[in-house]
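Positions -19 to 127 (the numbering used here) are the ones given, in order, by the sequence shown.
Each remark here refers to the structure printed beneath this line.
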Amino acid sequence: MKHFLSDRYPRSRIDYLGVDISPLMIEEARRLWKAHDNTKFVIADTSPRVADYSVASGIFNVRLYQPLDLWMQFIEQTLTNLHATSRLGFAVNFLTQLPSGITARPELYRSLPETWALYCTQKFNSRVKILENYGLREFSLLVKPRL
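Given below as structure tokens:
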């Protein structure tokens, strides 16, 4: 994400904080970005500060063998944390349901876009845009506060 933002907005001052629960991921990110100002990485399950925008990519896809009700609670708590620590909005993505006839792997979590779009609209009183059909079997939600 940091690389994308730096390339896309080369003249902008971006204060970037990467958050991951994996110490190895954070260690590697710190190694790769140690020479860059305004770039920090922390081991955590939620951001320790408020940002303008937050992005959580792929974190809901692999539930392994967690019971569905616990996984849904994890998603709800994570969305609540993102809402609380994102001043202007946040984005998340989910795997889509597979077409009929294709067997889904039970360790992957798949959802309908409307499920979590409605949740964010109602729980956070937010505007939600669903992005889909961009070449992957996933969808993204862009969640912003109502103005």
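Backbone N, C-alpha and C define an ideal beta-carbon position, used for all residues, glycine too.
Within the model, the alpha-carbon separation for LEU(-3) versus PRO93 is close to 27 Å. For SER106 and GLU87, the gap between their C-alpha atoms comes out near 30 Å. Counted as a single uninterrupted DSSP element, the beta strand (DSSP E) harbouring ILE23 occupies residues 19 to 23. Distance from the CA atom of THR95 to the CA atom of THR76, rounded to whole angstroms, is 11 Å. Note that the stretch 23 to 30 does not touch the stretch -17 to -9; fewer than 3 beta-carbon pairs, one per stretch, sit closer than 8 Å.
Counting C-beta atoms within 10 angstroms of its own C-beta, PHE74 has 16 or more neighbours from the protein chains shown and is therefore classed as buried. Residue range 48 to 64 is occupied by the alpha helix (DSSP H) that includes ASP49. SER66 is classed as buried because its beta carbon has at least 16 other beta carbons within 10 Å across all chains shown.
Going by C-alpha positions, GLU56 is about 30 Å away from GLY81. In this structure, the CA atom of GLY38 is about 11 Å from the CA atom of ARG90. Cβ-Cβ distances below 7 Å link TRP51 to ARG43 and TYR89 in the same chain, with the five nearest sequence neighbours on each side left out; the list follows chain order.
DSSP places ASP32 in the strand class (E or B) of the three-state scheme. Between ALA36 and THR58, the beta carbon gap of about 7 Å places them in contact (Cβ cut-off 8 Å).
In the assembly as shown, LEU121 is a buried residue. Its beta-carbon has 16 or more other beta-carbons within 10 Å.
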